[in-house]
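According to the working numbering, the sequence shown is numbered sequentially starting from 1. Cβ atoms here follow ideal geometry from the backbone N, Cα and C, with glycine treated the same way. Only one structure is covered here, and it is reproduced in the block below.
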Amino acid sequence: MIEAVQHYAVHEATISSLSEVLSTVQEVEQYAAAKNLQVFWRGQSDHTWGLTSSLVRGVSRLTIPTDKLLNTIEDRILDDGMKWIAEISNPPYGEPLARLAYLQHHGIPTRLLDFTKNAWMAIFFAVESGDAVDGRLFALIVDQASALNATPAGTPWRKWKTSEVKVWDPVASGINFPRIAAQEGVFAVGRLPSTQPHRVAKDSVLGQKRSLLAEEVRGILSIPFKLCPPKPIPPNARPPIGLTFRVHIDKQSVRRDLRKEGQGRRVCPHPQAITHQQVYPDADGMRSHSDVLRGLAKGVLVV
Numbered sequence: 001m002i003e004a005v006q007h008y009a010v011h012e013a014t015i016s017s018l019s020e021v022l023s024t025v026q027e028v029e030q031y032a033a034a035k036n037l038q039v040f041w042r043g044q045s046d047h048t049w050g051l052t053s054s055l056v057r058g059v060s061r062l063t064i065p066t067d068k069l070l071n072t073i074e075d076r077i078l079d080d081g082m083k084w085i086a087e088i089s090n091p092p093y094g095e096p097l098a099r100l101a102y103l104q105h106h107g108i109p110t111r112l113l114d115f116t117k118n119a120w121m122a123i124f125f126a127v128e129s130g131d132a133v134d135g136r137l138f139a140l141i142v143d144q145a146s147a148l149n150a151t152p153a154g155t156p157w158r159k160w161k162t163s164e165v166k167v168w169d170p171v172a173s174g175i176n177f178p179r180i181a182a183q184e185g186v187f188a189v190g191r192l193p194s195t196q197p198h199r200v201a202k203d204s205v206l207g208q209k210r211s212l213l214a215e216e217v218r219g220i221l222s223i224p225f226k227l228c229p230p231k232p233i234p235p236n237a238r239p240p241i242g243l244t245f246r247v248h249i250d251k252q253s254v255r256r257d258l259r260k261e262g263q264g265r266r267v268c269p270h271p272q273a274i275t276h277q278q279v280y281p282d283a284d285g286m287r288s289h290s291d292v293l294r295g296l297a298k299g300v301l302v303v
């Protein structure tokens with residue numbers, strides 16, 4: 001059985017200091033700017049996790065996901081959303097993608113993958129929890145035509161090639177929740193990946209690299225994310241370009257820097273402190289991260 005880390009290991013670079021975080025972000029963003037491309041970021045607090053959507057993870061626990069099955073389940077979820085949720089019948093939720101964004105925001109499984117325009121927001125998610133394990137940072141570089149600032153009609157992603165990934169900006173399209181706006185959030189969308197483009201992994205049993213089967217690819221990725229070495233990015237790389245970095249740094253020290261706490265030189269250039277309050281500016285965020293409420297949940301008064 002191939003794990004996500006065995007695929008990542010062929011392509012990843014390791015970031016081992018805050019200064020490396022800064023230089024890595026600058027290098028990737030400079031590369032994208034020089035080629036008139038756009039870059040989007042995603043952070044995960046465990047470097048072993050796959051790059052999979054909530055819907056694909058749910059389906060994978062029951063059977064092998066296929067595009068046909070995913071489309072059928074997606075239609076059922078959209079239909080249920082229209083029946084259960086009055087708000088989703090109103091503008092600006094006229095198109096399926098807008099409805100999926102609403103459902104995703106409220107914790108309902110969809111095919112959408114959260115990314116952000118802000119690399120340091122992604123770093124926050126990479127170090128947010130799980131201090132005993134390394135985090136992971138992804139960069140997705142796309143051409144201008146694949147960065148969508150308006151909501152497309154219908155479900156066009158179902159007819160895209162299995163090499164296509166597009167990134168949709170819900171806020172620019174009029175879909176605005178405080179959390180999405182605060183996180184500078186966008187959604188990556190596409191069909192399930194296949195064996196093309198070619199993907200490999202380090203097989204620990206064989207002791208060598210080998211090609212991945214379609215089922216193995218879909219156990220690791222839920223969009224056609226094609227990884228390539230990040231340092232340097234190959235000169236023949238063509239978008240969409242996927243990069244991944246293992247974040248091998250003390251997470252507490254990174255969180256302190258993001259919060260702009262403690263002594264010493266600051267590395268994060270973000271003008272405001274990046275805290276749970278900023279990242280989750282809503283009732284759910286307060287319920288999960290308020291010191292007072294967390295204390296009460298543990299039987300401790302914080303006054």
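Member of the options whose CA lies at the smallest distance from the CA of residue i
| i | options | result |
| --- | --- | --- |
| serine 290 | Asn176, His276, His270 | His276 |
| threonine 110 | Ala101, Asp46, Ala182, Leu212 | Ala101 |
| valine 247 | Arg294, Ile108, Gln26, Val133 | Val133 |
| glutamine 44 | Leu137, Leu296, Asn236, Ile141 | Leu137 |
| alanine 9 | Leu296, Thr66, Pro230, Ala237 | Pro230 |
| arginine 99 | Ile108, Val186, His106, Ile88 | Ile88 |
| glutamate 260 | Lys251, Gln272, Asp250 | Note on residue identity: the sequence assigns lysine, not glutamate, to residue 260. If we check each option's Cα against that of lysine 260, Gln272 comes out closest. |
| proline 152 | Val167, Lys83, Lys298, Thr66 | Val167 |
| alanine 4 | His270, Lys68, Ile233, Ser222 | Ser222 |
| glycine 154 | Tyr93, Leu301, Asp284, Lys117 | Tyr93 |
| aspartate 33 | Lys298, Val142, Pro156, Gln183 | Reading off the sequence, residue 33 comes out as alanine, not aspartate. That would be Val142, whose Cα lies nearest to the Cα of alanine 33. |
| threonine 66 | Asn236, Gln144, Glu215 | Glu215 |
Local Cβ density within 10 Å of residue i, reported as buried at 16 or more and exposed below that
| i | result |
| --- | --- |
| glycine 242 | buried |
| proline 170 | buried |
| glycine 262 | exposed |
| isoleucine 64 | exposed |
| lysine 226 | buried |
| threonine 14 | exposed |
| proline 224 | buried |
| proline 96 | buried |
| glutamine 6 | buried |
| aspartate 257 | buried |
| valine 300 | exposed |
Those residues which DSSP pairs with residue i across a bridge
| i | result |
| --- | --- |
| lysine 166 | Val189 |
| threonine 52 | Paired residues: none, contrary to the question. |
| valine 39 | Ile141 |
| alanine 9 | Alanine 9 is not bridged to any residue. |
| glutamine 208 | Asp203 |
| alanine 150 | BP columns for alanine 150 are empty, so no partner. |
Straight-line gap, residue i to residue j (C-alpha atoms, nearest Å)
| i | j | result |
| --- | --- | --- |
| proline 197 | leucine 112 | 21 Å |
| alanine 306 | serine 173 | In the structure as shown, the chain starts at 1 and stops at 303, and residue 306 therefore has no counterpart that could be examined. |
| glutamine 38 | leucine 70 | 28 Å |
| valine 21 | arginine 57 | 29 Å |
| isoleucine 175 | aspartate 79 | 20 Å |
| isoleucine 77 | leucine 192 | 18 Å |
| proline 240 | histidine 11 | 15 Å |
| cysteine 228 | valine 28 | 13 Å |
| glycine 185 | leucine 140 | 13 Å |
| serine 163 | valine 200 | 16 Å |
Range of the contiguous beta strand (DSSP E) that encloses residue i
| i | result |
| --- | --- |
| isoleucine 77 | Not the beta strand (DSSP E): isoleucine 77 falls in the alpha helix (DSSP H), residues 67–84. |
| arginine 246 | 241–247 |
Continuous alpha helix (DSSP H) stretch holding residue i: start and end
| i | result |
| --- | --- |
| leucine 296 | 291–297 |
| phenylalanine 124 | 119–127 |
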